[in-house]
Amino acid sequence: MRRGKRQSDRDRCRRNRSAGPKNHFLRASRCRNEVALSDPASKYLTAATIKLPERNGHLITLVDLATHTSGLPFMPADAPPFSDPTAAKYSTGDLKRYLASYQLTRDIGSDWDYSNIGYWVLSEALAARTGKDIKDVIRQRVVVPLKMTDTDFKLSPKMKENLAPGHDSALQPAPAASTIPIYSIMPAIGLLYSTTNDLLTFLSECMGYEPSPLAPAMNIALSNRRPVQPGNQQALGWNVYGKDADQVIFRDGSSFGYASVMAYDPKTRVGVVVLTNQVGDVGDLARHLLRPDFPLAKRANTKHTEITLDSKVLDSYAGRYEAKGEGIFTIARENDFLTIESPADWGLPKLRIRPENQRDFFASELPFRVTFQTGSDGKVHDLTIYPPRGQKGVPANKLAAEK
Numbered sequence: 094m095r096r097g098k099r100q101s102d103r104d105r106c107r108r109n110r111s112a113g114p115k116n117h118f119l120r121a122s123r124c125r126n127e128v129a130l131s132d133p134a135s136k137y138l139t140a141a142t143i144k145l146p147e148r149n150g151h152l153i154t155l156v157d158l159a160t161h162t163s164g165l166p167f168m169p170a171d172a173p174p175f176s177d178p179t180a181a182k183y184s185t186g187d188l189k190r191y192l193a194s195y196q197l198t199r200d201i202g203s204d205w206d207y208s209n210i211g212y213w214v215l216s217e218a219l220a221a222r223t224g225k226d227i228k229d230v231i232r233q234r235v236v237v238p239l240k241m242t243d244t245d246f247k248l249s250p251k252m253k254e255n256l257a258p259g260h261d262s263a264l265q266p267a268p269a270a271s272t273i274p275i276y277s278i279m280p281a282i283g284l285l286y287s288t289t290n291d292l293l294t295f296l297s298e299c300m301g302y303e304p305s306p307l308a309p310a311m312n313i314a315l316s317n318r319r320p321v322q323p324g325n326q327q328a329l330g331w332n333v334y335g336k337d338a339d340q341v342i343f344r345d346g347s348s349f350g351y352a353s354v355m356a357y358d359p360k361t362r363v364g365v366v367v368l369t370n371q372v373g374d375v376g377d378l379a380r381h382l383l384r385p386d387f388p389l390a391k392r393a394n395t396k397h398t399e400i401t402l403d404s405k406v407l408d409s410y411a412g413r414y415e416a417k418g419e420g421i422f423t424i425a426r427e428n429d430f431l432t433i434e435s436p437a438d439w440g441l442p443k444l445r446i447r448p449e450n451q452r453d454f455f456a457s458e459l460p461f462r463v464t465f466q467t468g469s470d471g472k473v474h475d476l477t478i479y480p481p482r483g484q485k486g487v488p489a490n491k492l493a494a495e496k
């Protein structure tokens, strides 16, 4: 593992959505015999007054939360759009009420679906077990022991000076996640700032380059896995791509002006960190650096420029669209723009989508795109949605207007 020569890049501070340091807390707690991975999360949540849904007599466990197989949605469906003035009123109490009323749509542990809510619940359970704030525990058990001096939830003067400002998909300044109410009440899902140097330090510990008091926790990181898709498994805080000696271990993420990935090859013990200050996906870059035969993704337009469309065009896109196996997506005309509401299981707030041409729309806050298709009659019959978590496009057919 080599560290780059450009000092400004190595010490440049960015928000890190990769959850390696944060998930390491679960592994450390397990090694201290403070928790068992099979423990129901509810065992620790009574004091936090968080009520979790159950299904068929089964309870959500810590390992279900850590591997994104709990069945909980990505984000709360009742959260207002990020730009909505009422968003500031969304509170921890609102999130708890949403969880208490949520009904699981599939058996616990049966399927993988990335869940920010799940990670928040996990952090609350672990914090309740220690009796401390989750941010303080991550500092005490991971950041300080590894001497990650430029990693924290709060920017120090030095970190602020070295901060690379985040940009949205239109290359406009992105809001800090801490200013978005729904994110500010869930700090463990994406409010940690770090640098390439600090993340390389963490990665070197994961690969065993230096003796570490955290080694036992590192060793169990890959011991519990759940399938994501063929050739891809979810471990504790890490994804495992490939099989046997062909495996690549990685963790990536993107949100509000930043994207990040940590990856390493356990066979060659080579690791890489890629950080960027624009929302997007850089996971393929890291995997390609480790394995040149790993193909780079075909790049979508990384700079989106909003244009103005005629109101009649916007009206033609409005309606309800059904995606097989997913549910109903609602495109609505609001003033001079369109919004999209996704099915509740997607856990996304209502988003404003902006046109960059006649057919293609984007959300500036997240890597979320929508493409409308017209038939030979010139009318809009379907659309394709490109979700923010790297899945393939989801086609949906327009439903007839209700009379």
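Residue numbers (the numbering used here): 94 to 496.
Note that beta-carbon positions come from the ideal geometry of N, C-alpha and C, so glycine has one too.
*For Glu254, is the classification buried or exposed, using 16 other Cβ atoms within 10 angstroms of its Cβ as the cut-off for buried?*
Walking along the sequence shown from the start, residue 254 turns up at place 161. Classification of Glu254: exposed, given that the 10 Å Cβ count is below 16.
*Taking only the alpha-carbon atoms, compute the straight-line gap between Ile143 and Gly471 and give it to the nearest angstrom.*
Reading the sequence shown from its first residue, position 50 is the one you call residue 143. Reading the sequence shown from its first residue, position 378 is the one you call residue 471. The straight-line gap from Cα to Cα measures roughly 50 Å.
_Whole-angstrom C-beta distance between Ala281 and Ile227, which should lie under 8 Å_ = Start at 1 with the first residue of the sequence shown, and residue 227 comes out as number 134. Start at 1 with the first residue of the sequence shown, and residue 281 comes out as number 188. Right, their Cβ atoms sit about 5 Å apart.
*Residues near Ala494 by beta carbon distance below 7 Å, same chain, minus five either side*: Along the sequence shown, one-based indexing puts residue 494 at 401. Gly412.
*Where do the ends of the alpha helix (DSSP H) carrying Phe430 lie?*
Position 337 of the sequence shown, counted from the first residue, corresponds to residue 430. Not the alpha helix (DSSP H): Phe430 falls in the beta strand (DSSP E), residues Phe430 to Glu434.
*According to the Cβ coordinates, are Asp345 and Val354 closer than 8 Å?*
As a working note, residue 345 is residue 252 in the sequence shown. As a working note, residue 354 is residue 261 in the sequence shown. For Asp345 and Val354, yes; Cβs fall inside 8 Å.
_My output table needs one value for Leu138: the three-state DSSP class, helix, strand or coil._
Numbered from 1 along the sequence shown, position 45 holds the residue referred to as residue 138. Looking at Leu138 - three-state DSSP - the assignment turns out to be helix.
*Between the beta-carbon of Glu427 and the beta-carbon of Leu492, is there less than 8 Å?*
Within the sequence shown, numbered from 1, the residue matching residue 427 stands at position 334. Within the sequence shown, numbered from 1, the residue matching residue 492 stands at position 399. It is not a contact, given that the beta carbons lie outside the stated cut-off.
*Kindly indicate which residue of Pro323, Met241, Lys336 and Asp408 has the alpha-carbon position closest to the one of Glu298.*
For the purposes of this step, residue 298 is taken as residue 205 along the sequence shown, with counting starting at 1. Ranking Pro323, Met241, Lys336 and Asp408 by Cα distance to Glu298 puts Met241 first.
*With DSSP run on the structure shown, which of helix, strand or coil describes Asn255?*
What you label residue 255 is simply residue 162 of the sequence shown in a count that begins at 1. Coil, per DSSP.
*asked:* Once DSSP output is grouped into helix, strand and coil, what is the label at Val128?
replied: Counting from 1 along the sequence shown, the entry for residue 128 is found at position 35. Reduced to three states, the DSSP call for Val128 is coil.
*Take Asp243 as the anchor and find which of Phe461, Val375, Ser287 and Ser277 has the nearest alpha-carbon.*
Locating residue 243 in the sequence shown gives position 150, where the first residue counts as 1. Here the closest residue by C-alpha is Ser287.
_Suppose the cutoff is 8 Å on Cβ atoms and the five residues either side in sequence are ignored; what does the same chain contact list for Ser277 look like?_
What you label residue 277 is simply residue 184 of the sequence shown in a count that begins at 1. Ala270, Ser271 and Leu284.
*With respect to the alpha helix (DSSP H) encompassing Asn290, which residues constitute its N-terminal and C-terminal limits?*
Position 197 of the sequence shown holds residue 290. That run of the alpha helix (DSSP H) goes Thr289 to Cys299.
*Do you know offhand how far Ala338's Cα is from Gly324's?*
Residue numbering aside, residue 338 sits at position 245 when the sequence shown is read from its first letter. Residue numbering aside, residue 324 sits at position 231 when the sequence shown is read from its first letter. Answer to the nearest angstrom: the Cα atoms are 13 Å apart.
*asked:* Between the alpha carbons of Ala425 and Arg445, how many angstroms are there, rounded?
replied: Stepping through the sequence shown from its first residue, residue 425 is reached at position 332. Stepping through the sequence shown from its first residue, residue 445 is reached at position 352. Ala425 and Arg445: Cα-Cα distance of roughly 9 Å.
*Got a sec? Which residues, its chain only, sit under 6 Å from Leu315 by beta carbon, not counting five neighbours each side?*
Counting from one through the sequence shown, the residue named residue 315 turns up at place 222. Cβ within range, chain order: Ala328.
*List the whole-angstrom C-beta distance separating Ser435 from Arg447, where the pair is believed to meet the contact cut-off of C-beta under 8 Å.*
Counting from 1 along the sequence shown, the entry for residue 435 is found at position 342. Counting from 1 along the sequence shown, the entry for residue 447 is found at position 354. The Cβ separation is near 17 Å, so there is no contact.
*asked:* Helix, strand or coil, according to DSSP, for Gln371 in the structure here?
replied: Translated into the one-based positions of the sequence shown, residue 371 becomes position 278. Residue state, collapsed to three classes: strand.
*Would you please state the rounded distance, in angstroms, between the beta carbons of Ile342 and Ala356? I believe it to be under 8 Å.*
The residue you call residue 342 lines up with position 249 of the sequence shown. The residue you call residue 356 lines up with position 263 of the sequence shown. Contact flag correct, Cβ pair sits at about 7 Å.
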